[in-house]
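Protein chains: 2
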Amino acid sequence: MKKLPDKTVERLSQYRRSLLNCLANGKKHIFSHEIANLHHITPVQVRRDIMLIGYTGTLRKGYDIQELVDLIGEIIDTDEGQNVAIIGIGNLGRALVTYLQGKRSKLRIAAGFDINKDKVDRVYGGVQCYHIDQLEEIVKKENITIAVITTPADETQKISEMLVKAGIRGILNYTPTAINVPDHVYLEEYDMITSLEKVAFFVKKNSLTV
Amino acid sequence: MKKLPDKTVERLSQYRRSLLNCLANGKKHIFSHEIANLHHITPVQVRRDIMLIGYTGTLRKGYDIQELVDLIGEIIDTDEGQNVAIIGIGNLGRALVTYLQGKRSKLRIAAGFDINKDKVDRVYGGVQCYHIDQLEEIVKKENITIAVITTPADETQKISEMLVKAGIRGILNYTPTAINVPDHVYLEEYDMITSLEKVAFFVKKNSLTV
DNA sequence: ATTAAATTGTTATTTTATTAACAAAATTTT
DNA sequence: AAAATTTTGTTAATAAAATAACAATTTAAT
Numbered sequence: 088m089k090k091l092p093d094k095t096v097e098r099l100s101q102y103r104r105s106l107l108n109c110l111a112n113g114k115k116h117i118f119s120h121e122i123a124n125l126h127h128i129t130p131v132q133v134r135r136d137i138m139l140i141g142y143t144g145t146l147r148k149g150y151d152i153q154e155l156v157d158l159i160g161e162i163i164d165t166d167e168g169q170n171v172a173i174i175g176i177g178n179l180g181r182a183l184v185t186y187l188q189g190k191r192s193k194l195r196i197a198a199g200f201d202i203n204k205d206k207v208d209r210v211y212g213g214v215q216c217y218h219i220d221q222l223e224e225i226v227k228k229e230n231i232t233i234a235v236i237t238t239p240a241d242e243t244q245k246i247s248e249m250l251v252k253a254g255i256r257g258i259l260n261y262t263p264t265a266i267n268v269p270d271h272v273y274l275e276e277y278d279m280i281t282s283l284e285k286v287a288f289f290v291k292k293n294s295l296t297v
Numbered sequence: 088m089k090k091l092p093d094k095t096v097e098r099l100s101q102y103r104r105s106l107l108n109c110l111a112n113g114k115k116h117i118f119s120h121e122i123a124n125l126h127h128i129t130p131v132q133v134r135r136d137i138m139l140i141g142y143t144g145t146l147r148k149g150y151d152i153q154e155l156v157d158l159i160g161e162i163i164d165t166d167e168g169q170n171v172a173i174i175g176i177g178n179l180g181r182a183l184v185t186y187l188q189g190k191r192s193k194l195r196i197a198a199g200f201d202i203n204k205d206k207v208d209r210v211y212g213g214v215q216c217y218h219i220d221q222l223e224e225i226v227k228k229e230n231i232t233i234a235v236i237t238t239p240a241d242e243t244q245k246i247s248e249m250l251v252k253a254g255i256r257g258i259l260n261y262t263p264t265a266i267n268v269p270d271h272v273y274l275e276e277y278d279m280i281t282s283l284e285k286v287a288f289f290v291k292k293n294s295l296t297v
């Protein structure tokens, strides 16, 4: 398979979620424009994404939802699934646990980590919380490959070094501080304040031009 | 001012945050490559962004941090600031309140909304929580222009219609369900599960090719 | 005083992502 | 049975974003 564009990967994940929804409602087939409407994008983009993963629908009947879901699964997921650690069991960490629960995903939150003694050794939404010092040990034991950093504090770079050392292969960083990781670790960063300021900017701009 | 690219707006917000940090540490000037290092991007991109907002540094001395911060503020912020509502005072909503506190931002979280009777009329991190039925009333009273949807549930489209009706001009949607809004409302959507699945995909891919 | 190094600002190029265009085939309508 | 419509798959065109290239200029080094 040729290299999938970043954005296509993101959209495939989203398609799958709404396709699972359709399946749950007893729907069997779907047209590109239906998928497009669910994600307010164009039907062409949907067809192009689907083309890129080598699936073909049937003319005038659309795509077989189950087949498409399965294929997206083959592309995105690993057979055994992947284990995720949440670093920082604050509000955001707990929100993530909630969001993932019941999503019959191949991603399993296998552990949480914190420095707060009150949180360590407790269970949050079914996730055991360990002290950050146990990181390496637990990452090995639970075969964790992915970490989500949700600490509001500014220890981020230090934490990321611990993660890399422990053998983590992908990091999703929700901290406002950007971090540096070696090439073999995939890094995705997202900053909520920036998103909010972006919305604010475009609201301001629209107000001016209207 | 010519139209700023989306991505430039995002980066300006991020630059400002680290520049404020520098200021707090007593730093007065900064080079493009220093800013670049803080955000692991290239110096060219930094210079280009700064060029687009019409600021010029001094050769061999870099950019005056205070001036740059002020200019970014002029571009992103409004003079009076903007008021934000959080829809859904769950974990994610509370995380946002925490993240914004003490960030001396022009964005003020003016109200929270929920349907849970236990949450209504309480104060979370300094933010008063109202029942969702009071939305229109409070939005007018507090002059709220921006809403962040952080409900995990699937009432999203209905909520977004309420927001539009109440006069909201920009929405940041953290729900996994995409929503439709009229053209005059700016919409930004972000899906945490998708980000996580994206990381998982690239971790898998790297494992295969290495 | 000359040369070398560092740094900005800007234009040009390349890459990535989106949208448009359209042929091919299945179905429906006339 | 022929024509019209719908829908896919794919190539071509456009737009957006990132990177490279490089002139201009200041400072530092020789």
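Going line by line, the protein sequences match chains B and U. Residue 172 in the working numbering is what sits at position 85 of the first sequence, and the numbering runs on without skipping anything. Residue 124 in the working numbering is what sits at position 37 of the second sequence, and the numbering runs on without skipping anything. Each residue gets a CB set at the ideal place from its N, CA and C atoms; glycine is no exception. Keep in mind the model is a prediction, meaning the values are calculated, not measured.
- Contact between the region 163-170 of chain U and the region 189-196 of chain U is present, with at least three C-beta pairs closer than 8 Å.
- Annotation for GLU284 of chain U: no beta strand (DSSP E) segment contains it, though the alpha helix (DSSP H) segment containing it runs 279-296.
- It is roughly 31 Å from the alpha-carbon of ALA234 of chain B to the alpha-carbon of ASP136 of chain U.
- Going by DSSP, HIS120 of chain B is part of the alpha helix (DSSP H) stretching over 119-125.
- Within the same chain, and ignoring the five residues on either side of GLY180 of chain B in sequence, the residues whose Cβ sits closer than 7 Å to its Cβ are ILE173, GLY199, THR237.
- Think of a sphere of 7 Å around the beta carbon of VAL251 of chain B: no beta carbon from chain U falls inside it, the nearest being about 13 Å out.
- In this structure, ILE122 of chain U lies near PRO130 of chain U, with their beta-carbon atoms less than 9 Å apart.
- For ASP151 of chain B, the pairing in a beta bridge is given by DSSP as B:HIS116.
- Three or more Cβ pairs drawn from the region 132-152 of chain U and the region 102-110 of chain U lie within less than 8 Å of each other, which places the two stretches in contact.
- Among the residues of chain B, those whose CB is under 7 Å from the CB of TYR186 of chain U are PRO239, MET279, ILE280, following chain order.
- For the pair LYS252 of chain B and TYR217 of chain B, the Cα-to-Cα distance works out to about 17 Å.
- For the region 212-277 of chain B, the continuous beta strand (DSSP E) assignments of 3+ residues that do not extend past its boundaries occur at 214-218, 231-236, 257-260, 273-276, in sequence order.
- Ranking U:ILE280, U:GLU276, U:LEU295 by CA distance to the CA of ILE128 of chain B puts U:GLU276 first.
- The C-beta of GLN101 of chain U has 16 or more other C-beta atoms within 10 Å across all chains shown, which makes the residue buried.
- Between GLY212 of chain U and GLN188 of chain U, the gap from beta carbon to beta carbon is short of 9 Å.
- In this chain, GLY180 of chain B is not harboured by any beta strand (DSSP E); it is covered by the alpha helix (DSSP H) spanning 178-187.
- Inclusion of THR185 of chain U and LEU139 of chain U in the CB contact set at 9 Å is not warranted, their separation being larger than that value.
- An exposed status is given to LYS90 of chain B, since fewer than 16 other beta-carbon atoms sit within 10 Å of its beta-carbon.
- Beta-bridge partners assigned by DSSP to ARG195 of chain U: U:ASN170.
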